[in-house]
Every structure is written in structure tokens, then in C-alpha cells.
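**Student:** Protein chains in written order, with our numbering: chain X, 154 to 251; chain D, 2 to 999; chain B, 19 to 199; chain Y, -10 to 406.
Here a beta-carbon is modelled for each residue, glycine too, at the ideal position from N, C-alpha and C.
Below are the C-alpha cells for one structure; questions will follow.
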Amino acid sequence: MLLIQCPYCGLRPELEFAYAGQAHVARPADPSATTPDQWTEFLYLRDNTRGIHAERWRHVRGCARFFNALRDTTTDQFLATYRAGESMPVLQQAGQKP
Amino acid sequence: MSGRRIQQGGRVDRSRAIRFTFDGKGYSGFAGDTLASALLANGVQVFGRSFKYHRPRGVIAAGSEEPNALVTVMRDEARCTPNLRATQVELYDGLVARSQNRWPSLDFDVQAVNDLLSPLLPSAFYYKTFMWPRAAWHKLYEPVIRRAAGLGESPTLPDPDRYSQRFAHCDVLVVGAGPAGLAAALTASASGARVMLCDEQPEFGGSLLDEPAATIDGATTADWIRDSMATLRSRANVTLLTRTTAFGYFPHNLIGLNERITEHLPAPAADMPRERLWQVRAARVLIAAGSIERPLVFPGNDRPGVMLASAARTYLHRYGVAVGQNVVLVTGSDAAYAAALDLHAAGVRVALIADVRADATGAPLDLARQAGIEVVTGATVLGTRGRLGVREVTIGVLARGTVNDTRRVKCDALLLSGGYTPSVHLFSQSRGKLEFNEARQAFLPSVSAEPESSAGSCRGIDGYTQVLNDGARVGAASALAAGYSVAAPEYRVQALEFGMHGLPGVLPQASPLQPARAFVDFQNDVTSKDLALAMREGFESVEHIKRYTTTGMATDQGKTSNMNALAFVAGELGRTIPKVGLTTFRMPYTPVTFGIFAGYDRGDLFDPVRTTSMHDWAVQQGAVFEDVGQWKRARYFPRSGEDMHAAVDRECKAVRTGVGMFDASTLGTIEVVGPDAATFLSRLYVNGFSTLAVGRSRYGILLRDDGFIYDDGVIARIAGERFHVTTTTGGAARVFGMMEDYLQTEWPDLRCWLTSTTEQWAVIAVQGPRARDVLAPLVSDVDLSAAALPHLGVTQGRICGVPMRLFRMSFTGELGYEVNVPADYGLAVWEAIHAAGQPHGITPYGTETMHVLRAEKGYIIVGQETDGTVTPDDAGLGWAIAKSKPDFVGKRSLARETMHAPDRKQLVGLLTVDPKVVLEEGAQIVATPGQHAPMKMIGHVTSSYHSAVLGRSIALALLRGGRARIGETLYVPMPGGEIAVQVTATVFYDVEGARLHG
Amino acid sequence: MVDAALRRIVSLPTAAWLDSPVPAARFILRGAAATRAAAGQGFGLSLPETACRATTDGNRAALWLGPDEQLLLAPDGEAELIEASLARALQGHAYSLVDVSHRQVGIGLHGPRAEWLLQSQCPLPLNLRDFPAGMCTRTVFGKAEIVLWRPAEQVFRLEVWRSFATYVVELLCEIDRESVA
Amino acid sequence: MRKFSGWTLLKEAFGGQQGWTPQWRRVAPQAEYDAIIIGGGGHGLAAAYYLASEHGITRTAVLEKGWIGGGNTGRNTTIIRSNYLFDESAALYDHALKLWEDLSQVLNYNVMFSPRGVMMLAHTVHDVQVAKRHIHANRGNGVDNEWLSPEEAKAYCPPLNIERNIRYPVLGAALQRRGGTARHDAVAWGYARAADAIGVDIIENCEVTGLVRDASGAMEAVQTSRGLIRCRRVGVSAAGNTSVVLGLAGVRLPLESFPLQALVSEPVKPVVPCVVMSGSIHAYISQSDKGELVIGAGTDAYTSYTQRGALHVNSHTLSAVCELFPAFRRMRMLRNWGGIVDVTPDRSPIIARTPVPGLYVNCGWGTGGFKATPGAGHLLAWTMARDEPHPINAPFTIERFRDGHLIDEAAAAAVAH
């Protein structure tokens, strides 16, 4: 059970959260204008990063907000969490690129 | 049998004799004994039979690392626990234990024939044979192997015991209450930090309990432990847990503890949980897990009576038991000399110390020789003898590859020590990096992955003074890291102790081919020859060798065997130990009872039982319920003598001809409020809502962006900026989540908000031609006339004086209303409607009747007519899509070509040619009769019922190109023959829909 | 007025540390920050701006559930009054006010065992340092979602959706069977 | 290849089992191969075996970054069944099941395939509907599956609790008698040994670090930790790491990798005679030949490459097991482990060409990969050898996501009403 920093409520146990997939996958503003490949990309294609992954969580059994996180999928350690709509934090450590 | 209890000493309570039985024979021990110590005291040497060769085995350890002495403890018929280590089973009065994996008896086991066949049964022999004839594996060989395998027997009756769970949080969790752990806990707790200290043993002290003669700062160990415990107990910031194993290290410093609460009690109170799971979140974890002595590997090293030197010392000092009267010690470490010296001092004859190190020298040897014990250096063991216990050991001196001075030494116990292996299990589970320490010949913690530290001998610290001081220092550092400050005290220990260094591996032999076998993994019967065979067959990865030979995979998880196996493999491959590498340390450290994971999750607490306001009424009426998600829903209301079919027929008829009432409270309800609520719903649902007038409602279909139906419901405009949205019962939570997702992340600019109101409302559907007549006398401030409240109209008013949202809607095709009242009023209003409906023959009905009635009308149920691959058009609901909207969730996907293919599965009706035949839901449909598998299946039956009003069966089906097939005759193949069906439209009753406008 | 006899509160097991559930007026208020200030005036109690904290005044309370979500609690019978006064105070604001008086059940725990009972199946740290008096939050208890509020050091109030109330109380009673020792 | 049999074992018994030789050669990679399989799990080794044995492409190498069979092959619960709903899936998994049935004989390696029956429990009216739909669909496809009443289910699996007063009582079960289990490690080793014997190079400790394409964009070579290897026909069978490997060629697939946990109990004498699965309360259980109860459930909630899962997921699984088998509360967990499973949006696999000519992929098996091992390898080999799919894997393309031809086994079991 992970410990997750909710940007609103602070450090909270994973039992209160729901994972919600890769972050920053914006729904096209005008889906009808997308090509089949663009639409497929939005619907299904994900980075599935081995390393630092930008992802969404929802503090569903807390403040109920969706927010974003950077997590290393090789260690499950979180590097940052930030509110939906905020841009991805730049990590300081060398060799780590989101 | 000779008693082995010495006259005095030990921490057992000699004033309290305890009776117990082992394999039906009565024995006596003392309070404070383990089953192992008590049996040893009674002269018992054979505890069990090994897994594969059924060789007689004795106890080799005194703690949780014991591989051999596994027993079943039977408290009563339902409380049988297999595979317990006798070294951990605390004696209580009346304890009944039984040996395992033997028949007919421990001393004479028929399957010991396997031992004679051992040349035929090397590691992994089963992969090479039992292949012919093909069916014989499953039918013949496997059952024999399965019966031979396994250890104890599974319990067969439901476990009546209770299991508990707790979450806990602390600043410093100290794992292990030996010298390092105690010092750490004392120091860290002095800082004010919240400290938890746990230890798997019934008593804190760890190895200090084996050191009665030692002193700490001048106090005896017994006094020091007592005073330390008193100090810890006096501190409110300290939690002490004995009999508690830290079994797992999980991400973000979560540690799983298994506390054994009643297992040692003769008659536990009924309410006491047997065991408890602690999930501890610690700011810092301090691992003081100690280290485990290794046996030595040589031919015949598995006979009963062969034992770790440290275990012999534990039995002596903690339990007052001498493990033999004439012992031989074979050692590769200095530490074990203490065992020989202590046994000697207790009056046991030490026939010989065979030190396998050619260059062994110094204080321990001098002391032994001064005591008159013969010490041979550069020794090796060539073999042992004794059928049910060691009687003789053959020792030689190895020099330049040859063995000289071979001699046989009589003994009744053979003590071994290959040095100590630090317990890095938890550290490794935390994903910390280990490093091989050449000097210690051991893997030690190196780089941490979690906020933790190791202290004491589990990180290679040797010597009590150093271990205590290390514990104190790391305890202070851990407290500091958690935000508390304290200085570490200095301890001084005086003890008879020697270095723990040793040498892992197999003792060198004169010839590689010895007839007897040298066991590496005792429980799984893996010998050095098995390891060699694996390497011969090309298995060089240590993980492969483990899996091929099963070394380290027994219930002790290789605590005493892994390093020996590794050293042997490294030697054979000519690589260094770190080059060969370790196998993964896996959770749990020692086996953990399933019950603590289940905890309170049993019976009704397994999962919340959700019921509506009217549930108790339905129970009183004798309703039969079904589980829908966590909800209990009344399925039908049988009257005496009725089966489901009869009850549903009656209920259906009542609704079609009179009036029925139905509890629809479990449907999800979401209140969508705000200036942009209509815009939001229009973007989400396929339908348009901007034009929906206040006081009107509309059937809504919700897709996912992949274009497939996700949910449906009715959406009513209560006020200009307020919508009342219903969902399916199962969809309530996920639809709410999906709405929040779009609102928070895709359209955060929309000013509208969601509130779940599923449980705010009790919902009573009143359906049937007499529905208006029933409700009319009960409502106020409402005009029920068709003109004022037409189909899909919505209004607010009062019923029985209670505020109400009244929906004119129908999932039955009849004149219908859904009365929504605040849930606490639901039962009273339900009862009032039921009473008011009596003159009209009002009939409560359940979900089954609801299903039949809606099927007669061709209304879909999401999850029954849909399966995640159905579009609105497939379901015949294309009409609901607002064509003019530029976008809604799923619209883009619906534009894909394949979504319009003419051969898509479409919803149709089916009528069996024989009207009495009711199709089975899920049955498949074929176009031409007489097919054999594989058939060309073109659809399946989604819903099928007997329709009372039509006097025949009806069915709905998803059928390829279905709408173009209306009128065709198709076939439903069943095991008993094909059923001919006609394809029809989906509406079977009141096709014009006149009735719902009544 | 509604006949009080028509109201049937969920019936729950009883225990010394458990208060019997009392009906209350409850609202979920959602909207932007400006809404909260105005709503506070209408409710007669300034609404909490701090995450996971409640404000109280007499028998009214406002619980922070999320950055745009507040649970307002008041004595039973005041619902219509509150709805009206908030509507007046929030004139011109975009907001959502939804009556959830019957959606949930208020379960009160008091006494020295309350924290111990809850900590068994609630994964949050409930000691006074981490969960001081005045704190409130949505969280989980066993398999149920709850709103947990600690009005005073030895007093907890759980707001539980009505169909989960039986589960929550039965689970508490099951835990209570264990001796503390 | 030294034949394995009771006879050779007996002969070796007199020589102290000294006559055995490595089951596969330890070789350095050659400069060039006709085919390369990336990933030395059961699937990849099977593909290599079939490339060599059925398509004559013996200049084949399997590149494994660690030790063969060390990924999901060695980390699963060894369940084999083919009772899938959709025609495409049933054909795919039954293809594999038929290969399982004589795999020991074909490979001359006892993989211990044990058709002891797979029983899938129904706990709700909806479960019953879904189970019956499966049974009818399976029968139409020639896949055995039959309905059992609760009493019949208990007769087939005596420790099962069919009391009506439990939270989710057993209302019946769908039984596939041909389903069962096999010995996971033996599958990898058996394929490796058989493939090696006909010329396939099995190269362990060889991590792929680059996929090299020629000017036309087609596969040209594989860059590895042990040097560059030329090859114009490369199949990726890397399970949870598929996205990482394909990323080397710039190919993105609709995959996410999740942890999947499993556990075993201490060994006990035979008590669970078959495989029991419960989709709606999330657990499955069988008993290994060694006597361990082998238990698993669904994936953890979030993507991860850590090969470990959460304690609460374990608890959930064991709660379900204890509910179904209340006597097992006293049993004890011996070992718990995690794998990385790659999951597609429709929970069905991809065995197909990729947009890169000469690059093929077999992935997306989610929690169901082990049972497909022989079939997946067989079909990947076919697809690589002929540069076109076999009719059985033709529907399992990458393009189906674009075109909406999903084969959605998961959604088919979803519940609503």
C-alpha cells in the first residue's frame, strides 16, 4: 500500500486512491477533426513508461480530486504530485527525464 | 527413553509441569518449553520425515529457521494446524501434536523406500519420465506423486477462530528484540519518538536469553532484560509485541506483522482473536533481525541428533535441556566453541571438537583444550551412522586432497556450525541492495531503498558489546531521522563469546563419489549431488538451480541452506559467490496464516450488505433476494406454494392488468447542478439536454469514448440549473467517477457540480393501469392527470405529507410513476402506497418481473443486452442520438466505418416456434440446422422469459445483421436438439406504446 | 410539517461507546472559493478554508471534504430554513447545494476506546498528533467509505451512507469483542 | 538430444546420474541469424522451437536479458483453459490447449500437463447468465464446458463451501474438464532443450538495447549487450517489457504493464483436486503436485515494473479464498511474488506484424499468457515465417483498436442493472 501525497490533503494511504492512467493525454478539442490514427492514439496508445511516469490518480476516498503524479515505475517511489491543470514539474536530478 | 533435562538452569518454570502428547504418546514438560525442547527433554530425537526420501529427521534448530521438525497441532477437530515448527510451538497443558508425512508411523515409514530408490530419483527426475502413455501422467503417475508429496494435512472443517487486523503508525519500528533491537528501542524511545518493538519469540532478549553467564554493565543478562523491559513498558510512547513476526516489507515503509495471540494458551477466551495482522507505517524502520547459524554439508549430515551448535546452547540455557550426553562438535567458526564449553560445564561429555579449519587457533581452542576437550583442526566428516539417530561420526583430517587419521567417534548428538548468516530478508524485501562481504563471507545490507537501517548482527556486527552499541547508535539515528533527538548510551558486555565468522559450503571430501548423501536443503532433500547434477545439465543461473533442484523452496525458505547451496555452486562453477548471486528474498519471512489476511472479512462483513429503506418489509413478505453488486434486491415475492415462475407470472399480470409496486432505490442517482449543467450533460450523453424543459425527463445513453454503451438512465430537469440523473445500479459509482473525470480534467471551465444522491432517495415505482388511482389519494400539491403530468413528466410535491420528486416514467410499458422520497420516509410511504393500493390489488414485484416486463417492451438492460461491444445503433437505440450535436463522448468512435457494418450484431426479438419453449439466456443462434461444432454462430440470446401477458415465451437476442433478418427462421442448438425461432422486432407487447400514455 | 413518525432511521446495534444515530439536516455545498465566503454568511458559520478541517458554531458545523466540497450539518428540521437562507446569500453565485439529509447516517463514537476501535480498520493515523480534534476527512473504514470527523479528543463522528451504516457499526462491534490487552 | 525416459533415468541411476549433459548449449551470439526472438520466456522459446521445427528456420536465436523462464513464465499460477467467450478467443486458446495435450511427448520433457478441470464459479444471477453464455458459445466452437449445480461443483471440489448463508453463495459453476495446470518451469526448459537440439541458439544474459532499421525502415539488426546481431526477421515476445523493447523501434502499442501477484501456501496432502476460479469475488486456486495451494487474483491497480504488489491486494484475494474454503483460514502463505503483465484495452492479445517490416510482436496476454504458451509461440512462428498471420491470429492485430474490432472478453463479464 503506497503512501501518496495528495496535493490537497497531504500524505495519505493508497487505499483512498484510484489510479487513473497516464497523465497529460488531452481529449482532442474537436474529435470529429481527428484522423483515425490520431483518435486511436488518444483512446488507446499509452507510453507505458519503464521509469518516471506521469500519471493520474484520484483521491476518490478523500477530497475526490483527480491530480497528477510522477512515479518511478521501477521502484514505485513518487517524485512529485501536482494538481490537474498544472504543468509537469521539472525534476532536478540528472538523468531523470519525465 | 532417557531424560535429557539437566538438574537446574534454563528459563522454564520447573514448578509447572505440563502434559502433552506427541503421536498419541503422553509426555511431560515445563511451562516455558517449546514442543521441541520438551520432546528433546524426553529423549525424543525423531520429529518427522523428509519431503522426498522420507528420511527420519530430528530438530536441528531452536527457532523459526527449523527445516525438519514440522508437526500438526490439533486443538480440536476444527482447529488442526499443519506444518508448525516444533521449535516455535509453545507447550500448553493438553497440547496434542502429531508428526507428518509418514505412514504408518514415524519410526517405520513405508515410503522410506524412496530413500533406497534415491539413485533413481535425482533432482527433477520427474521431468524426464512419466510421459507414456499420454494420459498416464494425469491418471496414474500424478495422483501417486501428489499423495506422496505435501507435508501435513489441510484442515477440513471451517476454522472457528477469529482473526484481527490493525493499522498502526510509529516513528521507529524496531524489528527484533535481541541485544541490538532492545538497545535501539531503549534509545529511540528515550527521545520521545513513538517506538514499536516486535519479536517473533514469546520473550524479548533474543540471543541474550542464551547467555545467563554474561553481564551487561555489570548486571546479569536476565536482570538487564528485566530492567530494560520495565523501562520500555513504563514509556507511553512504546508498543511492545511479542510472538510477532515482521513478515513483509512493502513499499513506502509499510511493514506487515503477524502477531500470534492465543496459540500458546491452553483455553483461549472465545472472543480473543487467534492471530492479528498489523500493517505498520513507520517513519523509520530499524531492522535488528540477528543472524542464523549455518549447518555444514557432509555425507549423512541429516540424521536425527545432528543439530546447530547455537541450538544446543539455546536448549541448554533457555530450556535446561542437554541435547546429548556424548556430543561431537564439527565447526567452521569460533562461535560454536561456546556451545561445547557450556555443555561441558553442564556435565555433558564432549567427545571431540572437529574444527574444519586447518589454521584454527587461539582462545576458543585453548579454552576447549584446557577443559580437556580434544580438538582436531583441518578436519572433515566422512559420514555418520545411526538409523533413527546419530550414533557415530567418522572424522578425518584433510591434507593436500587426501584424508588421513580417519576415525570413528561415538556420539549421541552431533553439533554443527558453519558460521552465521545475517538475516537480511526484510532488508532485501525492501529492495535495498546487498553487498557481499569477503571477510564475513556474507551478504550485508549496502544501499537502502526505503527509510530504514539495520543494526547488530544482521548487518555483520560481531560481539555483544559492539552489537548493543550499534543498536543504540542506530536507534538514536533513527529517532533523529524521524525528528527526535537523543544521545546513544555505551554498553559494556562481558561474555564467553568468539567470532561468528565461518565458511559456507560443502566440506571437502577425499573422493567426489560418496555413497551417502550430503544434504544442503534438509526439508526438500536436496543434496550436493543434486546441485551438481543441475549444473551438469546446464543450469547455471542460481534461480535456475533453485527451481530445478527446489533448494531453498521449502517452508523454511532456505534460511539454513541458501548460503551453503550458493557457496557450493560458486565453487563448482569456479566463480565468486557475488558473481553467482542470490535468489530473490520473497515475502513472507516465515509462513503467515491466511486468516489474518481475511481478518474480519467473513459472513456479512465479507462485503457490505447494502439494503434499501424498504428491505425489512420485503424480508417480512418473504421475498427472495438476489445480489446485485453489494445490494440485496428483492427478486420476487412468492406466496405460499409458488415457485419463481408462478410468482413472476402473477406479478407480471398484476402490473399489466392492475398495479404493481417495485423498489427502485438501488438505481444510482446523481444531482447535477450549476449554470452549465445542461451543457455538461449534452457533452456527455448521446442525447441533447439543452432543449429539455423543466419538468421533463429523457432516456439517456452514456457511451465511453470508444463508442460502446456504458450506462443508461433517465435524466430529469428539476429546475433550470438542476438535473436529476439516474444510472444503473451497478453503474452508479463508475458513472459518477467518469463524470467527475470529464468535469475536473477535460472541461474544468464548466460551472456545474455533482452530488451523489443515490442514498438520499427511496424510490418506489408504481406501475400499471391503476397506478394513478393508487397514488391520487396520497399526494398533494401535484396534478396527476395525463395533461398535467404526461409520460416523462417530472414534478415535485408531497406524498403522505412527505416531500417528493415524482417522475412519470415506465420501465414496464404501463402507466407508471416513480415516487422519490427522502430515504428515511421510504418505508412509511411504501407502506402507505401498499395500503392505498389494496382495493386495486396492488402487488409488490421484484427484479425478475421487472426484467420480464421490460423485455416484453424491448427495453434493454445494460450488462445483459450489452457487453461492452454494443453501440446504440446495435441496440436499436440509434434514435436517441442527437444528430445535430458537434460532439459527445463516443461520437468520434461511432463514426468509424466498422461501427456501421451491416453484419454487426443487432438487437432483435426471437419467438420460438413452439411458444411453450423458453430459450436459455446465453444460448447461441445458427442460421442453418444440423451443424456440428465448430458451428457458424451468428448471435446469442440475451434475455428470455415466459411472458404471462402473451401466454408464450419471448426472447431478445444480439444477431449478426439482425434487423435485416426479421422474419427469418433460425435455430438455437441445445444439447437436447435444435430449437427453431423466428426473428422479430424487439417490442412484443403494445407495439404502438399507447399504454404508457394512459 | 412532516409527521415525525414517518421517519425511520436505520436501526443499528448499540454499544456503550456508540451514540444512537440522530437525524440531522445535511447539505453538500459545491462551488468556487467566493461561494464559500458568501455561503458562510448564509449558514451563520464561516466555512473552513483549510483542508480536512471543520468549523463549528453551536449546533452547526461545516466540514471540508474537498477544495470545492463542503458538508454542512445542522439540527434536523432546519433544512428548509438553511436552503432558503443560503439561496438568498448565494444569489448571483454559481454553486450547487444538494440536500443529503437522508443520504447518510451520523454515527457517534466517544470515550477512550473510540480511536482504538477505528484504527483497526482505518488506514489513516488517528493519534492526536496526526488527526487532531477539529480534523475531518473522507476516508475508508474496512470496505466502506466514511467521512470521519473528530469534534473533540475522545469524540468521533462518522458520516456514512445509509446502506453502509450497518456494516460499519457491525464491524466496530466485531472489533470491540477483542480485549485491548 | 539425449532422450528422456524412465529407461535412461534407470541407466543413469547406475552411473550416479553422471551421464547427463546440458539441456541447452551455452553459446555466444553469432553475427547473423535468420530469425531472432526477443524474450526467453515460454512464448519466445516456443516460437523459436516452431520456427525451427515447423518452418525450417533453424538459424534462430532467442535473446534473453536474464535467465530463461524468469519472467511471467516462472511467476504465474499455471492455469490452462480455453473456455473464452468470443469465437476468435476460443479458437486461439483452444489451439493452445490442443498443443498442451501432447506437449510432453512432442518435447520429450514432462511438462506435467494435468487436465484436472477448471471450474469457474457463479455467485449472482448475472454470473449465471454470463457462465451459460460462455458454455453455449464454447460448445458451438467445439470447446468443452458444462454447467454444474452447486452440489455438483462441491462433488467435483469437496472443500468448496456451497452454504447458502455466505455473503455471495455459489449458485453453480462452469466446468471445463480439459482445462487444468502444467509445470511452468518445465515448459520453458522443455522448449529450450527441444529448440536447442534442432539448432536454435538460446542466449541468456543478453539484453536488447537497440533495434536497427535499414534505409527502407525494415528491420536490419538487433543491438545487444553482447554486440550487434544482424537479422531481418525479429519477433518480440517480452510480456511486460514489450513496450520498452518496441519503443526501441519507435513502435507504440496499446499496452499497459501491471503487477500481477500470486502466492502459494505451505505444501499439504491433496485437498483441492481441480482449478477453482471466481471472477466476481476475485480469486483462483489450485494445488500443485508438490502440495502447495497456488492462489492468484487480478492485477494490482497501477502500472509498475517492480514485480511486486500490494499487501491489500493479497488480503483481498485471501479473503475470497477463505470465504470459498473456510477450512483454509489456518493454512499459511509460504511465498508471494509478482510478475509484470502487459494488458491491452480489450484484454485480448496481439500476435501480429508491426508497422516496421520484419518486426513482429506477441504481447498483451494480460493475466492469461501461460495457458497460451504453445499456441502463442506456434502462431508467432507462423506469422514470422510467412509474414502473414495464421487464420487463428488474424483477428489479433494492432489495427483492431483503430477499426473498433475489439475482442472484449473483459467487458463481456461486466455487470450492471
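Could you list the residues in the segment 740 to 760 of chain D with a C-beta less than 9 Å from some C-beta on chain B, going in chain order?
**Tutor:** Listed by position along the chain: R752, C753, W754, L755, T756, S757, T758, T759 and E760.
**Student:** N226/Y by DSSP, collapsed to three states: which one?
**Tutor:** Note on residue identity: the sequence assigns Ser, not Asn, to residue 226/Y. It is coil, neither helix nor strand.
**Student:** Give me the Cα-Cα distance between S214/Y and I191/Y, rounded to the nearest whole angstrom.
**Tutor:** So the alpha carbons of these two residues sit roughly 15 Å apart.
**Student:** I need the boundaries of the beta strand (DSSP E) containing E78/D, first residue and last residue.
**Tutor:** Premise fails: E78/D is in no beta strand (DSSP E) and is neither H nor E.
**Student:** Grab the span of the alpha helix (DSSP H) containing Q6/Y for me, first residue to last.
**Tutor:** That residue, Q6/Y, is in no alpha helix (DSSP H); it is neither H nor E in DSSP.
**Student:** Please confirm if S240/X has its CB atom under 8 Å from at least one CB of chain D.
**Tutor:** Not one chain D Cβ lies under 8 Å of S240/X.
**Student:** Classify E491/D as buried or exposed, calling it buried when 16 or more other Cβ atoms lie within 10 Å of its own Cβ.
**Tutor:** Counting Cβ neighbours within 10 Å, E491/D comes out exposed, since fewer than 16 surround it.
**Student:** Anyone know if the C-beta pair for T188/D and V487/D falls short of 8 Å?
**Tutor:** Yes, the Cβ-Cβ distance between T188/D and V487/D is below 8 Å.
**Student:** Taking S246/Y as the query, report the chain X residues whose CB atoms sit under 9 Å from its CB, ordered along the chain.
**Tutor:** Near S246/Y (Cβ distances below 9 Å), the residues of chain X are N201, R203 and T226.
**Student:** Heavy atom of the ligand NAD less than 7 Å from the Cβ of L210/D, yes or no?
**Tutor:** Summarising the ligand content, the structure contains no ligands, and the ligand NAD is consequently not present.
**Student:** For D782/D, which option in D774/D, L790/D and Q797/D has the closest C-alpha, if you only look at C-alpha atoms?
**Tutor:** Of the candidates D774/D, L790/D and Q797/D, the one whose C-alpha sits nearest the C-alpha of D782/D is Q797/D.
**Student:** Counting only Cβ pairs nearer than 7 Å, list the residues of chain X close to S293/Y.
**Tutor:** Neighbours of S293/Y on chain X, chain order: T226 and D229.
**Student:** Below 8 Å, how does it come out for the segment 412 to 432 of chain D and the segment 456 to 473 of chain D: are there three or more Cβ pairs, yes or no?
**Tutor:** Taking 8 Å as the limit for Cβ pairs, the verdict is that the segment 456 to 473 of chain D does touch the segment 412 to 432 of chain D.
**Student:** So which residues of chain Y does H545/D contact, with C-beta pairs closer than 7 Å?
**Tutor:** Within chain Y, the residues near H545/D are W56.
**Student:** Does chain X have any CB closer than 8 Å to the CB of C154/B?
**Tutor:** So no, C154/B is outside the interface.
**Student:** Which ranges does the beta strand (DSSP E) cover as unbroken runs of at least 3 residues, wholly within the segment 70 to 144 of chain D, from first to last along the chain?
**Tutor:** Segments of the beta strand (DSSP E) lying fully in the segment 70 to 144 of chain D: 71 to 75, 81 to 86 and 96 to 100.
**Student:** Could you give the residue range of the alpha helix (DSSP H) that holds F737/D?
**Tutor:** Per DSSP, F737/D belongs to the alpha helix (DSSP H) from A733 to D742.
**Student:** Is it buried or exposed, P749/D, if we count other Cβ atoms within 10 angstroms and call 16 or more buried?
**Tutor:** Answer is exposed; the Cβ neighbour count stays below 16.
**Student:** By how many angstroms is the C-alpha of A125/D removed from the C-alpha of F359/Y?
**Tutor:** Taking the straight line joining both Cα atoms gives about 21 Å.
**Student:** Roughly how many angstroms separate the alpha carbons of G1052/D and A181/Y, rounded to a whole number?
**Tutor:** Residue 1052/D falls outside the range modelled here, since chain D spans only 2 to 999, and no answer is possible.
**Student:** Please work out which residues of its chain come closer than 6 Å, Cβ to Cβ, to F168/D, disregarding the five sequence neighbours upstream and downstream, and give them in chain order.
**Tutor:** Around F168/D: Q280.
**Student:** So, at 6 Å on beta carbons, what are the nonlocal neighbours of V176/Y in its own chain, with the 5 sequence-adjacent residues on each side left out?
**Tutor:** Same-chain partners within the cutoff: G31, V100 and T362.
**Student:** Could you check whether the segment 525 to 544 of chain D touches the segment 7 to 21 of chain Y, counting it as contact only if at least three pairs of C-beta atoms, one from each stretch, sit closer than 8 Å?
**Tutor:** Touching, yes, given that three or more Cβ pairs across the two stretches are closer than 8 Å.
**Student:** Per DSSP, D331/Y is paired with what?
**Tutor:** D331/Y is bridged to S246/Y.
**Student:** At 9 Å on the CB atoms, spell out the chain B contacts of R209/X, in chain order.
**Tutor:** Residues of chain B passing the Cβ test: none, with the nearest at roughly 16 Å.
**Student:** Nearest chain X C-beta to R241/Y closer than 8 Å, yes or no?
**Tutor:** Judged by the 8 Å Cβ criterion, R241/Y is in contact with chain X.
**Student:** From F385/Y to G236/Y, what does the alpha carbon distance come to, in whole angstroms?
**Tutor:** Rounded to the nearest angstrom, the two C-alpha atoms are 20 Å apart.
**Student:** Using a Cβ-Cβ cut-off of less than 7 Å, give me the residues of the segment 329 to 361 of chain Y that come near chain X, in sequence order.
**Tutor:** Result list: P334.
**Student:** What residues in its chain sit with their C-beta under 8 Å from that of G206/Y, if we drop five residues either side in the sequence?
**Tutor:** Here the set comprises V345 and P346.
**Student:** Please return the same chain residues whose Cβ sits closer than 6 Å to the Cβ of D677/D, not counting the five positions on each side in sequence.
**Tutor:** Around D677/D: L751, R752 and C753.
**Student:** Which class does W748/D belong to by DSSP, given the choice of helix, strand or coil?
**Tutor:** The answer is coil: DSSP assigns W748/D none of H, G, I, E or B.
**Student:** Measuring straight from C-alpha to C-alpha, what distance separates T844/D and A949/D?
**Tutor:** Answer to the nearest angstrom: the Cα atoms are 15 Å apart.
**Student:** For P85/B, which residues in chain X fall below 8 Å Cβ to Cβ?
**Tutor:** Residues of chain X passing the Cβ test: Y161, C216 and R218.
**Student:** Alpha carbons only, please: which of A881/D, L908/D and I980/D is nearest the one belonging to T929/D?
**Tutor:** Comparing Cα positions, the closest option is I980/D.
**Student:** Can you tell me where the beta strand (DSSP E) with G257/D in it begins and where it stops?
**Tutor:** Element bounds for G257/D: L255 to R261.
**Student:** If L407/Y and G179/Y are in contact, beta carbons under 8 Å, what's the gap, nearest whole angstrom?
**Tutor:** The displayed coordinates of chain Y run from -10 to 406. Any statement about residue 407/Y would go beyond what the structure contains.
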